[in-house]
DNA sequence: GCCGTTTTCGGCCCGACTGTTTTCAGTCG
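In the numbering used here, the protein residues as written are 424 to 996.
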C-alpha cells in the first residue's frame, strides 16, 4: 500500500502528541504540527515528490530533519524516533487528547496516576468517580470529561455548512432583538465557508455586554451553558451544536471580526508579518508600541500589513499571504457569474419536478441555459431511462426550445460509468446529446488502481464531458472512493474533459484542495447543483463557496461561459 | 524542529475562561 499524505501527516501529528505529553519544547511540537499540515495540504502525493527527487525543504515548515523523517515514513510507514518514543508510553495515549478537557498534561497524569490510556478506561474510571481523586482533577472536571465522552459516542461534532446555516438563522434573528446590539456576524469556519462547521462563532457588537449575554442565554434552544464571562459565553444547543457568543466593543469590532474569522494558521502568519513590521496584532487591534492603530474596516488590517485584501474563503495560510503581497490573488468566481446549471434531474427519473418547471425556475434564477441530465438505465433505483425514454425526452426538449427566447435547454444525461469503464449508453445515442455528465453509482469498492483506470478509460470515450461527483463521498456518511485524482485530472486535461463540483450540501465534491489542484493543472470545473427539484437548484451557491475556497476564477468554471462557447467545449472532435 | 533583508543563535501568537488552587495550571481557539 502506498503511504498517502494523510498517513504521513498522522504520523507527524502522533509524534507531536507524544512530545507534548512528554513536555518537550513547545516549538518543536509546533514544528511537527506545521509539517503535518503542510504535507496534508500538498497537491501532489509526497511519495511522488520523493520519487522525482524533489526538494521537500522547499515547502514551508519542512527542514532537513523533517524531510528525512518524511522519507522514512514513505518507505517504512513510520520513523524510528517515533517508534522509540512509543516504548515509553502506550501507543493509544495521544488518543485521549481528542477528548474535550484533556490535553497533554492531563493525559500524562491519567496514565501515571491511574494507568488510564484509552477512552474506555477513562469512562470506567470516571463513572466509578475515581478521576476526582487524582491531584489537579476534581469533581467538575470528572463530570465534563464524562459528558464529552458520551457526546463523542453519539455524534460527529462537525456539521454540514448548510445545517449550520439553518441553525444560525433563527439564532441570529433572536439576537437582533436585543437592545444595544448592532452588528452580528457569524465568524470562524462558517464565514470562511468551510464545507463543515465545528461550532458557531457569533460576534456581536454591543455597548452593554452583560445584557447581550443575558439575552443570549434566554434563547429557547439552548441546552447547556458551558461557560460565561464578561465578554464570552459558550453554550450547547439542543441539537448538540456548540455556540460561542463574543461581545465586542464598537471600536474593536473589526479587529475581533478578523481575529475570530481565522483561520488560526492565517492569523499566526499575519502576526508574524506584523512582528517584522514592528506591529503587534491581537483580537483587540493592531498596535505600534502601545499606540493602537484605528481600524474602521477589516480591509484596513491588510492595508496596514501592505497586503491586498484576502477574502475569508482564502484565509487558510495556503499561499494567500504571499499572493496578497505580490498582487496575484485570484479574482474569485461569484454566484452571479454563473450562467446555467449543468446537472439537474426531472420527474422523468428521480426528480420531483417536471421538465417545464425546472426550466422555468432556471429562468427565474437568471440563467440562460439549463442542462437536463436524468439518470441512465443502470440506476434502476432512480428509475433510470432506457434509450427510448431518453430519445423521447430529447424530442420534448427540442419542442420546448422552439417556444423559448433567449434561453436554451441543453439535452443531457447523467450516464453511468460501468465497472469496466464503458458508458451505460452506446455512442450512437450519446452523440445526439449536447452534454454528458458521466458518474459512478456502483462498484465503489474497487482498488485505487482499478477505480482510477475505470474513470480514465471512460474519459477516453469521445462523448465523455464531465465527471460527476468525482469522489463519490457523502460528508460524514460515506468516504470518497479510492481514486488517484491527479491521474484523473491529467487524463481530463489530455482528453478535453471536465470535472464537476457537485454542490449538493453533503457532497460538495470536489473538495477545496481538489479544486485548487484542478486550477493548478488547468482542468476546468462545472459547478452544478445536481438538483432533484426546483429548490435544490439554489444549492449551487454552496458549490460557489467551495470553488472560491479552491481559488477558482470565472474562467476556470465552464458554466460561466456563454451557451455557445459551452456547447463548443462539449464537442471534443 | 524551523527559520533568517537587524539573526546560523535565539526567537517562535497569545488572551479568555475554568477549576483547583491559594496564586496558577491547563485547555481551548
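Cβ atoms here follow ideal geometry from the backbone N, Cα and C, with glycine treated the same way.
Taking the beta strand (DSSP E) that residue 681 falls in, what are its first and last residues?
-> For residue 681, no beta strand (DSSP E) segment is defined; the enclosing uninterrupted segment is the alpha helix (DSSP H) at 676–684.
First and last residue of the alpha helix (DSSP H) that includes residue 608?
-> That residue, residue 608, is in no alpha helix (DSSP H); its beta strand (DSSP E) goes 604–609.
Per-residue DSSP class, three states only, for residue 875 | Under the three-state reduction of DSSP, residue 875 is assigned to helix.
Keeping to the same chain, check which residues put their C-beta closer than 7 Å to that of residue 847; ignore five residues upstream and five downstream.
-> The answer, listed in chain order, is 799, 800, 801, 838, 839, 841.
Helix, strand or coil: how does DSSP classify residue 951 here?
-> Assignment of residue 951 by DSSP, reduced to helix, strand and coil, places it in the strand class.
Hey, quick one: how far does the alpha helix (DSSP H) through residue 907 stretch, first residue to last?
-> Here residue 907 belongs to no alpha helix (DSSP H), and DSSP marks it neither H nor E.
Relative to the alpha-carbon of residue 570, which residue among 659, 795, 730 has its alpha-carbon at the smallest distance?
-> Ranking the options by Cα distance to residue 570, first place goes to 659.
Within its chain, find whatever has a CB closer than 8 Å to the CB of residue 740; leave out the 5 residues flanking it on each side and keep chain order.
-> Cβ neighbours of residue 740 beyond the five flanking positions: 686, 688, 689, 691, 692.
Alpha carbon to alpha carbon, how far is residue 458 from residue 752? Give it in angstroms, no decimals.
-> Looking at the two C-alpha atoms, the distance is approximately 24 Å.
Boundaries of the beta strand (DSSP E) in which residue 762 is found, first to last residue = Per DSSP, residue 762 lies in no beta strand (DSSP E) and is assigned neither H nor E.
Could you check what DSSP says for residue 371 in three-state terms: helix, strand or coil?
-> Nothing about residue 371 can be read from this structure; the chain reaches only from 424 to 996.
Cutoff 7 Å; reference residue 642; Cβ partners in own chain excluding five residues on either side | Cβ neighbours of residue 642 beyond the five flanking positions: 594, 597.
If you scan the segment 932–976 from start to end, which runs of the beta strand (DSSP E) of 3 or more residues do you find wholly inside it?
-> Look at the segment 932–976 and you find these whole runs of beta strand (DSSP E), each 3 residues long or longer: 948–951.
Distance, Cα to Cα, residue 790 vs residue 670?
-> Each residue's Cα considered, the two are about 41 Å apart.
Is the segment 500–518 in contact with the segment 472–486, if contact means three or more CB pairs nearer than 8 Å?
-> Verdict: no, contact absent.
Counting along the chain, where does the alpha helix (DSSP H) carrying residue 810 start and finish?
-> That run of the alpha helix (DSSP H) goes 810–825.
Report the rounded CA-to-CA distance for residue 426 versus residue 498, giving the unit in angstroms.
-> Note on geometry: alpha-carbon atoms of residue 426 and residue 498 lie some 8 Å from one another.
Within 8 Å, strictly: CB atoms of residue 924 and residue 969 = Closer than 8 Å, so yes.
Answer yes or no: do residue 941 and residue 948 have a C-beta to C-beta separation smaller than 8 Å?
-> One thing to note: residue 941 has its Cβ within 8 Å of the Cβ of residue 948.
Taking the C-alpha atoms as reference points, what is the distance between residue 856 and residue 817?
-> So the alpha carbons of these two residues sit roughly 8 Å apart.
Do three or more CB pairs link the segment 650–659 to the segment 698–712 at distances below 8 Å?
-> No, because fewer than three Cβ pairs between the segment 650–659 and the segment 698–712 fall closer than 8 Å, the two stretches do not touch.
Would you kindly report the start and end of the unbroken beta strand (DSSP E) that includes residue 648?
-> Per DSSP, residue 648 belongs to the beta strand (DSSP E) from 645–651.
If we count the other Cβ atoms within 10 Å of its Cβ and call it buried at 16 or more, is residue 886 buried or exposed?
-> Buried.
Look up residue 534 in the DSSP assignment and say whether it is helix, strand or coil.
-> Helix at residue 534.
Which stretch, first to last residue, makes up the alpha helix (DSSP H) that contains residue 690?
-> Run containing residue 690: 687–699, per the alpha helix (DSSP H) assignment.
Residue 479 by DSSP, collapsed to three states: which one?
-> When DSSP states are grouped into helix, strand and coil, residue 479 belongs to the helix group.
Reducing DSSP to helix, strand and coil, say where residue 845 ends up.
-> Of the three classes helix, strand and coil, the one that applies to residue 845 here is coil, per DSSP.
Counterpart residues of residue 889 in DSSP-defined beta bridges = Note: residue 889 sits in a beta bridge opposite 860, 921.
Going by C-alpha distance, which of 565, 599, 535 is nearest residue 523?
-> Among 565, 599, 535, the Cα nearest to that of residue 523 belongs to 565.
DSSP state of residue 628, grouped into three classes?
-> Three-state DSSP puts residue 628 in a strand.
Under 8 Å between C-beta atoms of residue 737 and residue 743 | Contact: yes.
Does the distance from the CB of residue 562 to the CB of residue 541 come in under 8 Å?
-> Contact annotation: residue 562 and residue 541 have beta-carbon atoms that are not nearer than 8 Å.
CB contact flag (residue 432, residue 462, <8 Å) | Less than 8 Å separates the beta-carbon of residue 432 from that of residue 462.
DSSP-derived helix/strand/coil call for residue 984 | Coil at residue 984, not helix or strand.
Look at the alpha carbon of residue 537 and the alpha carbon of residue 632, and state the distance between them as a whole number of angstroms.
-> Those two C-alpha atoms are separated by around 43 Å.
Enclosing alpha helix (DSSP H) for residue 707 [first to last residue] | It is not in any alpha helix (DSSP H) - residue 707 carries neither H nor E in the DSSP assignment.
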